[in-house]
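Here the structure is laid out as structure tokens; the discussion comes afterwards.
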Amino acid sequence: MFERPERGERAILVRIGLGQAPDADELGEFDALARSAGAIPVATVTGNRKTPEPRYFIGSGKAEEIRDRAREASADVILVDHELSPSQERNLERLIGQRVLDRTGLILDIFARRARSAEGQLEVELAQLRHLSTRLVRGWTHLERQKGGIGLRGPGETQLETDRRLIGKRIRTLTAKLEKLAQRRDTGRQVRKRVPVPGVALIGYTNAGKSTLFRTLTGADAYVADQLFATLDPTVRRLRIPHTPDLVVADTVGFVRDLPHELVAAFRSTLMEARDADLLLHVVDAADPDRERRIEQVDELVAGIGAGAIPQLRVYNKIDRLGRAPELVRGAAGQPVAVWLSAASGTGVERLRAALQEIFGLAAMRLAIVLPPSQGRLRARLYEERLVRAEEPLPEGNTRLVVEASHQRLEQLCREAGVDFAAAVSPCPAAPGFVEFPRDAASSAA
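Sequence positions in the sequence shown follow the numbering used here and run 122 to 567.
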């Protein structure tokens with residue numbers, strides 16, 4: 122058996138079209154995936170078959186062609202743009218004499234390189250171990266196999282059993298840790314429900330410019346690179362827009378075609394930001410000739426994680442490559458449905474801010490509420506949710522507060538506190554006795 126290198130760099134890329142010729146765009150994306158993993162593609166082998174071949178997936182003739190190309194190019198690894206079974210991977214390695222990695226293994230390798238948060242690293246390691254557990258045998262075929270009978274267990278079988286036990290134990294440990302982190306996240310989610318803050322999540326096909334837009338929109342020092350899966354861990358920042366409640370904006374991982382279902386769990390923490398959002402900013406590479414299919418693929422994955430019902434605002438990025446002017450597109454009812462902009466240059470970003478102000482600002486109204494001294498708990502709750510914008514003391518210990526909230530939310534809080542909403546709330550007056558609080562100070566003024 123060949124010696125496995127720790128990390129292959131010179132790579133042969135393999136893409137087989139099933140029932141048709143290989144798609145050039147998909148092959149180009151696989152090339153970008155390989156480069157994102159640190160590989161240097163030195164040759165590409167393509168072909169087409171009606172159905173996968175059980176032994177090698179690609180057929181024995183194509184496997185022998187890859188073997189010859191690998192020898193000519195001194196390749197270290199064979200990257201196959203398909204999901205291979207453990208036996209198919211093992212058979213290809215035996216024939217070619219080089220390490221073979223399928224699409225799932227390649228994406229996992231990229232995840233392992235990009236994960237930065239503790240939770241992200243745990244999730245990726247768990248996905249890697251589950252993937253590896255089905256492929257253990259190929260690394261130990263040079264050792265003696267079990268022959269059967271008492272006393273005839275070979276060292277190869279002993280090593281395999283040892284590895285399986287170690288991997289099984291590590292999987293159980295990681296699962297327990299992730300369950301604890303999930304409980305903490307659920308607790309935090311319940312707290313956020315008590316103090317609701319509108320959430321916006323950036324989604325889109327990988328390399329569409331989500332992180333660039335996130336940085337331009339929020340001023341955050343987000344990592345930006347021209348590579349696939351540049352962002353794996355979730356990044357959350359606050360966004361302030363005039364006459365709009367503070368927004369929480371989250372940058373999420375980019376999607377990619379044919380993403381195996383088991384890999385979705387490998388970035389669950391970032392996808393949860395999309396599931397909990399009030400609005401999804403679907404970032405699209407406007408210069409991508411295949412953008413409509415990319416939009417469909419992202420929508421399918423969004424529906425798969427349970428976020429299909431969340432409203433979307435389409436953001437067509439990279440208009441500088443098209444020479445197109447920025448634009449805010451409205452639907453039949455006059456609501457914002459799409460924005461054309463360039464995140465890199467900032468052109469059109471103000472139109473996106475205006476759209477967000479319109480979407481979230483319409484729900485926020487400035488109202489005045491008069492509270493007696495006995496309603497100190499409701500007053501504290503209004504400050505806790507950062508809804509108070511001004512306060513004026515009244516005779517007999519009463520207080521008039523100017524709050525910025527939706528009619529529905531303020532009515533709910535009054536109902537929970539036993540306050541007559543109709544009697545206590547009125548349109549906001551412009552009285553000189555009010556003292557305005559900056560938003561940062563409002564939450565601490567209580």
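Glycine included, C-beta positions come from ideal geometry on N, C-alpha and C.
Treat the numbers as computed from the prediction; the structure is a model and nothing was measured.
Could you give the distance in angstroms between the alpha-carbon of residue i and the alpha-carbon of residue j?
i	j	result
Ala514	Ile490	It should be pointed out that residue 514 corresponds to Pro in this sequence rather than to Ala. Between Pro514 and Ile490, the C-alpha separation is close to 12 Å.
Ala511	Val370	26 Å
Arg498	Ala538	8 Å
Thr373	Gln418	16 Å
Gly330	Gln242	24 Å
Gly269	Glu282	With a pLDDT of 46 at Gly269, under the threshold of 50, the modelled position of that residue is not reliable, and no figure is offered here.
Glu413	Ala322	20 Å
Asp189	Val198	13 Å
Glu244	Leu139	32 Å
Leu299	Leu338	32 Å
Val540	Pro363	30 Å
Leu368	Gly159	37 Å
Lys183	Gly168	8 Å
Val458	Val450	6 Å
Asp397	Pro493	36 Å
Ile228	Glu147	15 Å
Leu213	Asp230	20 Å
Ala303	Gln249	19 Å
Val224	His203	Reading off the sequence shown, one finds Arg at residue 224, where the question assumed Val. Their backbone Cα atoms lie some 5 Å apart in a straight line.
Ile187	Ile161	16 Å
Ser157	Ser332	16 Å
Gly180	Ile137	10 Å
Ala501	Leu531	13 Å
Gly427	Glu421	10 Å
Arg536	Phe542	7 Å
Val546	Arg305	37 Å
Leu534	Ser527	11 Å
Leu253	Glu479	49 Å
Give the DSSP bridge partners of residue i, in chain order.
i	result
Pro100	What the structure shows of the chain is the stretch from 122 to 567, and residue 100 is not part of that stretch, so it cannot be assessed.
Val491	Arg521
Thr167	Arg136
Gln418	In DSSP, Gln418 forms no bridge with anything.
Met393	The partner list for Met393 (beta bridge, DSSP) is empty, contrary to what the question assumes.
Ala161	For clarity, residue 161 is Ile in the given sequence; the question names Ala instead. According to DSSP, Ile161 bridges with Arg131.
His403	Ile324, Arg435
Ser466	DSSP, once it has assigned bridges, lists no residue as partnering Ser466.
Ala526	Met486
Asp541	According to DSSP, which records beta bridges pairwise, Asp541 is partnered with nothing at all.
Phe376	Tyr326
Pro366	DSSP output for Pro366 lists no bridge partner at all.
Thr356	Asp372
Ile199	Ile133, Val221
Val546	Ile490
Val509	Val524
Pro514	Thr520
Phe178	Glu174
Closest to residue i by CA distance: which of the options is it?
i	options	result
Glu448	Pro410, Asp202, Arg442, Leu462	Leu462
Phe481	Ala142, Arg361, Ala544	Arg361
Arg234	Thr294, Arg215, Leu154	Leu154
Leu205	Arg530, Arg256, Ala191	Arg256
Glu145	Val166, Ile161, Ala158	It should be pointed out that residue 145 corresponds to Ala in this sequence rather than to Glu. It is Val166 whose Cα lies nearest to the Cα of Ala145.
Leu216	Arg237, Thr225, Ala191	Ala191
Gly149	Val135, Asp406, Val458, Ser181	Val135
Ala544	Ser527, Glu525, Arg521	Arg521
Leu247	Arg293, Arg224, Asp284	Arg293
Lys171	Ala142, Ala164, Ala430	Ala142
Arg237	Ser254, Thr356, Gln219	Thr356
Glu505	Arg291, Glu525, Asp420	Glu525
Arg251	Ile416, Ile231, Leu287, Gln219	Leu287
Gln456	Leu477, Arg220, Arg442	Leu477
Leu164	Glu193, Ile137, Gly180, Ser181	Inspection of the sequence shows that residue 164 is occupied by Ala rather than by Leu. Taking only the C-alpha atoms, the option nearest Ala164 is Glu193.
Glu517	Ser495, Leu503, Arg507, Cys535	Ser495
Asp441	Ala408, Ala454, His203	Ala408
Gly226	Ala501, Glu240, Phe151	Phe151
Gln219	Arg131, Thr308, Leu534, Gly452	Arg131
Asn328	Arg415, Glu185, Asn519	Arg415
Which whole-angstrom value describes the C-beta separation of residue i and residue j, a residue pair presumed to lie in contact below a C-beta threshold of 8 Å?
i	j	result
Leu473	Val404	About 10 Å separates the two Cβ atoms, so there is no contact after all.
Pro366	Pro410	Between Pro410 and Pro366 the Cβ distance is about 39 Å, and since that is not below 8 Å, they are no contact.
Ile133	Leu200	7 Å
Ile324	Ala395	6 Å
Arg487	Val523	6 Å
Tyr326	Gly375	6 Å
Asn438	Ala464	5 Å
Under 6 Å: does the beta carbon of residue i sit that close to some heavy atom of the ligand NAD?
i	result
Leu200	The model depicted lacks the ligand NAD and carries no ligand whatsoever.
Would you call the stretch 169-177 and the stretch 208-226 in contact, with 3 or more CB pairs under 8 Å? Three or more beta-carbon pairs separated by less than 8 Å link the stretch 169-177 to the stretch 208-226, which places the two stretches in contact.
Quick check: the stretch 465-472 against the stretch 436-452, are at least 3 beta-carbon pairs closer than 8 Å? The stretch 436-452 vs the stretch 465-472: in contact.
Sufficient close CB pairs (3 or more, under 8 Å) joining the stretch 392-402 to the stretch 434-441: The stretch 392-402 vs the stretch 434-441: in contact.
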